[in-house]
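Numbering-wise, the sequence shown is residues -20 to -1, 1 to 85 according to mature numbering (1 follows the signal peptide of the UniProt record, and there is no 0).
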Amino acid sequence: MKLLSYALLLGLAYIPFSFAETSVNDVNNEIHAKEKGALSKCTDLLPKGHLYTISIVGKSDKKTANADGKFKGKFDVSDETKKPLDKKRSEEVKPFIQCVTDTVL
């Protein structure tokens, strides 16, 4: 009788935990599939028909109590030519640069 009671208690505890883990994983996967990161949203603003290289390199100093922690670094956008963007292309990517500056940096 005790063995049966232990088996029932174990079963009652195991079943909800297994369902709970599955449902949490399913919900997390659905959320990740639906959400786009800020940088990905900004790339929608880049003109079609080109291959862009986006480079963000920087530092954020958090070592000292007085550190402001602001991001300091470099943000570059280039196309498939790997040369600095000409005036026309710079104007075309300006909305993307503004979006990244406002939402990512």
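Here a beta-carbon is modelled for each residue, glycine too, at the ideal position from N, C-alpha and C.
Pick helix, strand or coil for residue i, following the three-state DSSP scheme.
i     : result
Thr61 : coil
Lys43 : coil
Val84 : coil
Lys21 : helix
Would you grab the beta carbon distance between residue i and residue j for me? Rounded to a whole angstrom, and I think it's under 8 Å.
i     : j     : result
Lys39 : Lys52 : 6 Å
Leu31 : Pro75 : Incorrect: roughly 18 Å between the Cβ atoms, too far for contact.
Cys22 : Val80 : 5 Å
Using the Cβ count rule (16 or more neighbours within 10 Å means buried), how would you classify residue i?
i     : result
Val37 : exposed
Asp56 : exposed
Asp59 : buried
Could you name the residues that DSSP lists as bridge partners for residue i?
i     : result
Gly38 : Gly53
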